[in-house]
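Numbering (the numbering used here), first residue to last: 50 to 405.
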Amino acid sequence: MPIATRAFAATDSSSPLTPYSFDRRDPGPDDVAVAIKFAGVCHSDVHIVKNDLGNTRYPIVPGHEIAGVVTAVGENVTRFKIGDRVGVGCMVDSCRTCVSCREGEEQYCVPGMTQTYGSADPKGAAVGQTITQGGYSDAIVVDQNYVLSIPDALPLDAAAPLLCAGITTYSPLRHWKVGPGSKVAVVGLGGLGHMAVKQAVAMGAEVTVLSTSDRKKADAERMGAAHFLINSDKDAMKAAAEKFDLIINTVSATHEIAGHLQLLARDGTMVMLGLTTEGLPVFAMPLLWRRRSVAGSLIGGIRETQEMLDFCAEHGIASDIEVIAPDQINEAYARLEKSDVRYRFVIDISQMGKAA
Ligand code: NAP
Ligand code: ZN
Ligand code: ZN
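Structure below.
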């Protein structure tokens, strides 16, 4: 039986999100059906709803930080059973045969992963769905290979943001081999930034936060940051020159990066995570003079996402959250655009369909 699903959707790039109903497919032999309990609100949701990348198809139900409980499994499903606490992140399928998929880096699938929302949905035809729809909804059906286990030590609400923010910061911290003695800077203390701080501290790094104001200084210190800089403070930036092995740049808008490159030590890397579409001026001199690099990184693979969830459980790390009702989503977007979030909005899906 198709699963009648209640959701919040955007119908165009400028109107508020509104209630929306649709059917999820009947779970197939390899599928897991999930009752969604909590959905994190990622800044990427805002970019996609506003069509910042220019390819959004409406109506769109955003949400790729999904935490819930299994309600049904197909006959081939071995890894999950009814009642299990599970997560779904940014992808629900990939080709499974390309070099990236074979190496467990499905996010870099050569023909392209199936994103949790906004991708062509090859499995939705029976219920009239042509586009995948995400987690601002009360149910989802996903192939077992793209479902994660949420460890018992993590509360479901604070675990939801790990499924995108948590893996997006964990993956580059691991790829660039952060450990005891590493000096890491995190630019932007939002949803991704606060996860980067907590994870890098847990890996043994000395962490510095770069922010646009001092509003979040006390929070950064509480999360374990050793230092805090305001990135418009020229003297402080000068004093921090050549200090960092790795800069995790989570800024969600086009911004000046040349000054940040000067903060890298020899062989240091700045990893860009923000979904900005305008060109960033990068000059050769600061790169070649200290063999510095500018890199990018996209979420993480399924195996690494499970590793990250287990790491967070082991180290007592979850997201700092503000829980909202589904009909507060438009207010949350407006606050996110002003960097006014401490540090992730999470939708309580049990309130779906109820008046606030
Ligand atoms: P967020 O919670 O809104 O945090 C972004 C932070 O960037 C803000 O808190 C603010 O930090 C800083 N910021 C915003 N505008 C700025 C500006 N004009 N100049 C300087 N700093 C500014 O967003 P998020 O959910 O963490 O996402 C961050 C970015 O990563 C978004 O673009 C999102 O789409 C992208 N993303 C990428 C991936 C990936 O796989 N690469 C995955 C998820 C998200 P302060 O208040 O500290 O200044
Ligand atoms: Zn995201
Ligand atoms: Zn592939």
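Backbone N, C-alpha and C define an ideal beta-carbon position, used for all residues, glycine too. Please read all numbers here as calculations on a predicted model, not as lab measurements.
Tell me whether residue i is buried or exposed, calling it buried when 16 or more other Cβ atoms sit within 10 Å of its Cβ.
| i | result |
| --- | --- |
| residue 102 | exposed |
| residue 226 | exposed |
| residue 293 | buried |
| residue 277 | buried |
| residue 209 | buried |
| residue 326 | exposed |
| residue 298 | buried |
| residue 380 | exposed |
| residue 54 | buried |
| residue 319 | buried |
| residue 365 | exposed |
| residue 159 | exposed |
| residue 253 | exposed |
| residue 203 | buried |
| residue 405 | With a pLDDT of 47 at residue 405, under the threshold of 50, the predicted position of this residue should be treated as unreliable, though the coordinate-derived value follows. Result: exposed. |
| residue 71 | buried |
| residue 363 | exposed |
| residue 316 | exposed |
| residue 322 | buried |
Would you check whether ligand 3 has a heavy atom nearer than 7 Å to the C-beta of residue i?
| i | result |
| --- | --- |
| residue 160 | yes |
| residue 305 | no |
| residue 147 | yes |
| residue 152 | no |
| residue 380 | no |
| residue 168 | no |
| residue 353 | no |
Heavy atom of ligand 2 less than 7 Å from the Cβ of residue i, yes or no?
| i | result |
| --- | --- |
| residue 93 | yes |
| residue 113 | yes |
| residue 213 | yes |
Using a Cβ-based criterion (distance less than 7 Å to any ligand heavy atom), does residue i qualify as near ligand 1?
| i | result |
| --- | --- |
| residue 137 | no |
| residue 295 | no |
| residue 81 | no |
| residue 301 | yes |
| residue 224 | no |
| residue 390 | yes |
| residue 276 | no |
If I'm right that residue i touches residue j with Cβ under 8 Å, what's the distance once you round it to whole angstroms?
| i | j | result |
| --- | --- | --- |
| residue 88 | residue 219 | Residue 88 to residue 219, Cβ: 20 Å. No contact. |
| residue 180 | residue 106 | 5 Å |
| residue 126 | residue 79 | 7 Å |
| residue 95 | residue 240 | With 8 Å as the limit, residue 95 and residue 240 do not qualify as a contact, their Cβ atoms being about 11 Å apart. |
| residue 269 | residue 246 | 6 Å |
Among the options, which has the Cα closest to the Cα of residue i?
| i | options | result |
| --- | --- | --- |
| residue 178 | 140, 238, 51 and 241 | 51 |
| residue 286 | 69, 258, 270 and 248 | 258 |
| residue 183 | 402, 403 and 398 | 398 |
| residue 157 | 197, 143 and 108 | 143 |
| residue 104 | 240, 215 and 168 | 168 |
| residue 400 | 372, 309, 383 and 80 | 372 |
| residue 359 | 211, 291 and 311 | 211 |
| residue 300 | 62, 362, 91 and 60 | 91 |
| residue 280 | 311, 273 and 255 | 311 |
| residue 64 | 382, 77, 388 and 305 | 382 |
| residue 130 | 117, 396, 307 and 217 | 117 |
| residue 347 | 385, 236, 155 and 188 | 155 |
| residue 200 | 357, 396 and 60 | 357 |
Whole beta strand (DSSP E) runs in the segment 186 to 263 with 3 or more residues, listed along the chain?
-> Positions of the beta strand (DSSP E) runs, each at least 3 residues long and wholly inside the segment 186 to 263, are given as 188 to 192, 232 to 236 and 255 to 260 in order along the chain.
Mind pulling the beta strand (DSSP E) runs of 3 or more residues that sit fully within the segment 263 to 341?
-> Restricting attention to beta strand (DSSP E) runs no shorter than 3 residues, the segment 263 to 341 encloses them at 276 to 279, 293 to 298 and 313 to 321, ordered along the chain.
Which runs of the alpha helix (DSSP H) fall wholly inside the segment 66 to 140 and span at least 4 residues, in chain order?
-> Listed in chain order, the complete alpha helix (DSSP H) runs (minimum 4 residues) inside the segment 66 to 140 are 92 to 98.
Tell me the start and end of each unbroken alpha helix (DSSP H) in the segment 363 to 399 that is at least 4 residues and wholly inside, in chain order.
-> The segment 363 to 399 contains these whole alpha helix (DSSP H) runs: 378 to 385.
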